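S.K.: Residue numbers (the numbering used here), protein chains in the order written: chain A, 27 to 333; chain B, 27 to 333.
Quick one: this structure, given as structure tokens, is what I'll be asking you about.
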């Protein structure tokens, strides 16, 4: 079933201990779309500037992503420059140029309005709430956010949180959002703010999904998916968005969201995140096969399963 | 089969966000013995001072631990005082009084020499190597160490590492020992120093076992066991030693160490660690049943297993 993502399209300059990349294709919606494209039909809404060429758009088209919701504005595409030290879990941001993203007003093409699955990637929570409202028919809504909005627009974020089914954030964001050091306690507090489920991503340690009381009628025991112990992480950029793409893409492909589906979605999220970090930018996500994905899924299973 | 542990017996004063305990029974050998006692016959070698009463010893005896290897010296028992802040993964040490541990010379009682399984808890690597030598007939040897020895006695530690089968340390210790930030790369470097297998404990994120090339003839894919998302960690002290006790105890009970046994041992290690942190000191480890342990094992399975 169709999955709509609204988020950023960007150019990134990235430095990691294993290399440098200059102004390569990036953005939350880009990573998300590519990762999700291996599972279901993906539609993307975002904004780009005049420097975003047909060639850039073709990267998504080649994966069957419907790019007709990409809006073009006068000016430059959102630009981010950052670097990672030996601790690959934390990026140091050098430059953030919002450019055309600053005045982004998402417009959902009429042909996208029947999307049953929706992902609100990391953008202004005001926009997230507006898109959610416009997509009233969506059956299952995922969302992301970051410290910038948690600190800067807490009321607007609280409003957006009431309108999403599953929030995907990392350890630091969860602790900040809940103002709580214990992750399980933070999870409980965040679930009380609205989401039926919460995925907390632990970087190299995997991710845990917590469920609200009675959410999806599936009990409240959490579930944890591992991350792969990878010796050579080339570039961690986009790992979280790729996780979200695999997670939401798998769920959309099943068309339902019971506990079994959500557990497998956690694994597919981790699988897509593990591919993303193997190359700079979106390179690895552009040329996978379902066989690659299933083979990696089996490695994740072998990594954690007793029998 | 019999499992011998050589390590510290201690009194601990502990402060955590959830309470305070003054001069309670502690020490690596104590936590290890209690945790392992639910799986196999445990024998303990360590040293105590005049302040260590029959009542303290009875805690281990009540769990069937053979305490005849506990040596008594003039003076006071090893004393540690520390506290944990909101980040329960790191203890701040306030006081360390080695006392009788300073001149500890482990003596293995003749009746213990037939122990087929041996655990060298966190003591001076010189003593670890001596005990390993004295226990030449042991079929499977586990060991622990800490930053104090990694920094202070690297040559002696390198010697000890050549004589153990599986080393159990935490993330920070692994990075320090390998001088390497990437855990998978650190694991490879440490395995090159001698151990056939390496368990790296990730605190609240679980633990991963890495295998050396051809170790136990079981391939080199790592295996990861989760930790339980516990809302109320009362006292993290002894969690790592309890993990080691569950891990080694389960292996000793099976009498063999193939990949399947080591995977389950990882789960039982995590199970015992999860119990240890629920109460101050060794309280929770004193009064478990095998049923409690199997029930928790099932919770760990449900936390991570797809089917």
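Each residue gets a CB set at the ideal place from its N, CA and C atoms; glycine is no exception.
Predicted, not measured: the structure shown is a model, and the values here were computed from it.
Identify, in the order they occur along the chain, each residue of the same chain with its Cβ nearer than 6 Å to the Cβ of residue 53 of chain A, setting aside the five sequence neighbours on each side.
M.R.: In the first chain, counting from the first residue as 1, residue 53 of chain A sits at position 27. Closer than 6 Å at the Cβ level, and outside the excluded window around residue 53 of chain A, lie 34, 35 and 36.
S.K.: Along the chain, where does the beta strand (DSSP E) that runs through residue 64 of chain B open and close?
M.R.: Within the second chain, numbered from 1, the residue matching residue 64 of chain B stands at position 38. Where residue 64 of chain B is concerned, there is no enclosing beta strand (DSSP E), given that its DSSP letter is neither H nor E.
S.K.: Quick check: what's the CA-CA separation for residue 163 of chain A versus residue 273 of chain B?
M.R.: Within the first chain, numbered from 1, the residue matching residue 163 of chain A stands at position 137. Within the second chain, numbered from 1, the residue matching residue 273 of chain B stands at position 247. Cα to Cα, the separation comes out at about 51 Å.
S.K.: Can you grab the Cα-Cα spacing for the pair residue 50 of chain B / residue 114 of chain B, in whole Å?
M.R.: Along the second chain, read from residue 1 onward, the residue named residue 50 of chain B stands at position 24. Along the second chain, read from residue 1 onward, the residue named residue 114 of chain B stands at position 88. Approximately 19 Å, taken between the alpha carbons.
S.K.: Going along the segment 242-266 of chain B in order, which residues come within less than 7 Å of chain A, judged by CB to CB distance?
M.R.: Under the 7 Å Cβ criterion, the segment 242-266 of chain B contributes 247, 248, 249, 250, 252, 255, 256 and 257.
S.K.: Just reading off the beta strand (DSSP E) that residue 38 of chain B is part of, what are its end residues?
M.R.: By 1-based counting over the second chain, the position of residue 38 of chain B is 12. Residues 36-42.
S.K.: What span of residues does the alpha helix (DSSP H) with residue 201 of chain A cover, start to end?
M.R.: Position 175 of the first chain, counting from 1, holds the residue named residue 201 of chain A. 197-204 is the span of the alpha helix (DSSP H), which, as asked, contains residue 201 of chain A.
S.K.: Quick one: Cα of residue 312 of chain B to Cα of residue 299 of chain B, how far?
M.R.: Indexing the second chain from 1 puts residue 312 of chain B at position 286. Indexing the second chain from 1 puts residue 299 of chain B at position 273. Spanning the two alpha carbons is a distance of roughly 13 Å.
S.K.: Which of the three DSSP states is assigned to residue 46 of chain A in this structure?
M.R.: For the purposes of this step, residue 46 of chain A is taken as residue 20 along the first chain, with counting starting at 1. In this structure, residue 46 of chain A counts as strand in the three-state DSSP scheme.
S.K.: Between which two residues does the beta strand (DSSP E) containing residue 168 of chain B stretch?
M.R.: Indexing the second chain from 1 puts residue 168 of chain B at position 142. Residue 168 of chain B -> beta strand (DSSP E) spans 166-169.
S.K.: Taking C-alpha atoms, which residue in B:128, B:136, B:279 and B:166 lies nearest to residue 152 of chain B?
M.R.: In the second chain, residue 152 of chain B corresponds to position 126, counting from 1. It is B:128 whose Cα lies nearest to the Cα of residue 152 of chain B.
S.K.: Determine the burial state of residue 230 of chain B: buried for a count of at least 16 other Cβ atoms within 10 Å of its Cβ, exposed for fewer.
M.R.: For the purposes of this step, residue 230 of chain B is identified with residue 204 of the second chain, where counting begins at 1. Under this definition residue 230 of chain B is a buried residue.
S.K.: Can you name, in chain order, every residue of its own chain whose Cβ lies under 7 Å from the Cβ of residue 303 of chain B, other than the five neighbours on each side?
M.R.: As a working note, residue 303 of chain B is residue 277 in the second chain. 256, 259, 260, 261, 262 and 265, listed in sequence order.
S.K.: Starting from residue 92 of chain A, follow the beta strand (DSSP E) in both directions and report where the run begins and ends.
M.R.: Here residue 92 of chain A is taken as the residue at index 66 of the first chain, counted from 1. Taken as a continuous stretch (DSSP letters only), the beta strand (DSSP E) holding residue 92 of chain A covers 92-98.
S.K.: Going by DSSP in three states, residue 317 of chain B sits in which element: helix, strand or coil?
M.R.: By one-based count along the second chain, residue 317 of chain B stands at place 291. Residue 317 of chain B: helix per DSSP, three-state reduction.
S.K.: Beta strand (DSSP E) containing residue 226 of chain B: first to last residue?
M.R.: Locating residue 226 of chain B in the second chain gives position 200, where the first residue counts as 1. Counting along the chain, the beta strand (DSSP E) containing residue 226 of chain B begins and ends at 223-227.
S.K.: Let me know if residue 271 of chain A comes out buried or exposed under the rule of 16 or more other beta-carbons within 10 Å of its beta-carbon.
M.R.: Position 245 of the first chain, counted from the start, is the residue given in the question as residue 271 of chain A. Result: buried.
S.K.: Using the three-state DSSP reduction, which class does residue 281 of chain B fall into: helix, strand or coil?
M.R.: Position 255 of the second chain, counted from the first residue, corresponds to residue 281 of chain B. Residue 281 of chain B: coil per DSSP, three-state reduction.
S.K.: Would you kindly work out how many angstroms separate the C-alpha atoms of residue 213 of chain B and residue 228 of chain B, rounded to a whole number?
M.R.: The sequence position of residue 213 of chain B within the second chain is 187, counting from 1. The sequence position of residue 228 of chain B within the second chain is 202, counting from 1. The straight-line gap from Cα to Cα measures roughly 13 Å.
S.K.: Taking residue 283 of chain B as the query, report the chain A residues whose CB atoms sit under 9 Å from its CB, ordered along the chain.
M.R.: Here residue 283 of chain B refers to the residue found at position 257 when the second chain is read from its first residue. Within 9 Å Cβ-Cβ: nothing; residue 283 of chain B doesn't reach chain A, min ~16 Å.
S.K.: On the CB-based measure, 16 or more other CB atoms within 10 Å of its CB, does residue 238 of chain B come out buried or exposed?
M.R.: Residue mapping note: residue 238 of chain B aligns to position 212 of the second chain, counting from 1. With 16 or more Cβ atoms within 10 Å of its Cβ, residue 238 of chain B is classed as buried.
S.K.: Residue range of the beta strand (DSSP E) that residue 117 of chain A falls in?
M.R.: Walking along the first chain from the start, residue 117 of chain A turns up at place 91. 117-123 is the extent of the beta strand (DSSP E) around residue 117 of chain A.
S.K.: Give the interface partners of residue 113 of chain B over in chain A, defined as CB-CB distance under 7 Å, in chain order.
M.R.: Indexing the second chain from 1 puts residue 113 of chain B at position 87. Within 7 Å Cβ-Cβ: 207.
S.K.: Mind checking who residue 108 of chain A pairs with in its DSSP beta bridge?
M.R.: Mapped onto the first chain, residue 108 of chain A falls at position 82. Looking at the DSSP assignment, residue 108 of chain A forms a beta bridge with A:40 and A:119.
S.K.: Is the shortest distance between the beta-carbon of residue 222 of chain A and the beta-carbons of chain B less than 7 Å?
M.R.: Here residue 222 of chain A corresponds to residue number 196 of the first chain, with the count starting at 1. No, no contact with chain B.
S.K.: Per DSSP, residue 235 of chain A is paired with what?
M.R.: One-based indexing of the first chain puts residue 235 of chain A at position 209. According to DSSP, residue 235 of chain A bridges with A:225 and A:249.
S.K.: Name the one or two DSSP bridge partners that residue 143 of chain B has.
M.R.: For the purposes of this step, residue 143 of chain B is taken as the residue at position 117 of the second chain. Answer by DSSP bridge pairing, in chain order: B:29 and B:166.
S.K.: Considering only residues of the same chain and omitting the five flanking positions on each side of residue 252 of chain A, which have a CB-CB separation below 7 Å?
M.R.: Counting from 1 along the first chain, the entry for residue 252 of chain A is found at position 226. Same-chain partners within the cutoff: 232, 296, 326, 329 and 330.
S.K.: What is the rounded straight-line gap between the Cα of residue 282 of chain B and the Cα of residue 131 of chain B?
M.R.: Along the second chain, read from residue 1 onward, the residue named residue 282 of chain B stands at position 256. Along the second chain, read from residue 1 onward, the residue named residue 131 of chain B stands at position 105. Distance between the alpha carbons of residue 282 of chain B and residue 131 of chain B: 30 Å.
S.K.: Under 9 Å between beta-carbons, which chain A residues line up against residue 329 of chain B? List them in chain order, please.
M.R.: One-based indexing of the second chain puts residue 329 of chain B at position 303. Those are 234, 247, 248, 249 and 250, listed as they occur along chain A.
S.K.: Give the residues of chain B in contact with residue 230 of chain A, contact being defined as C-beta atoms less than 8 Å apart.
M.R.: For the purposes of this step, residue 230 of chain A is identified with residue 204 of the first chain, where counting begins at 1. Residues of chain B passing the Cβ test: 209.
S.K.: Quick check: the segment 71-78 of chain B against the segment 98-110 of chain B, are at least 3 beta-carbon pairs closer than 8 Å?
M.R.: Result yes; three or more Cβ-Cβ pairs closer than 8 Å.
S.K.: When you compare each of B:78, B:178, B:179 and B:192 to residue 126 of chain B by their alpha carbons, which one comes out closest?
M.R.: As a working note, residue 126 of chain B is residue 100 in the second chain. Nearest option by C-alpha distance: B:78.
S.K.: Given that residue 293 of chain B touches chain A, what residues does it touch there, using C-beta distances under 8 Å?
M.R.: Within the second chain, residue 293 of chain B is the residue found at index 267, counting from 1. In chain order: 332.
S.K.: Quick check on the DSSP output: the alpha helix (DSSP H) that includes residue 331 of chain B runs from which residue to which?
M.R.: Along the second chain, read from residue 1 onward, the residue named residue 331 of chain B stands at position 305. No alpha helix (DSSP H) holds residue 331 of chain B; DSSP gives it neither H nor E.
S.K.: Write down the C-beta distance between residue 92 of chain A and residue 70 of chain A rounded to the nearest angstrom, noting that I regard them as a contact closer than 8 Å.
M.R.: For the purposes of this step, residue 92 of chain A is taken as the residue at position 66 of the first chain. For the purposes of this step, residue 70 of chain A is taken as the residue at position 44 of the first chain. That belief holds up - the Cβ atoms of residue 92 of chain A and residue 70 of chain A are roughly 7 Å apart, short of 8 Å.
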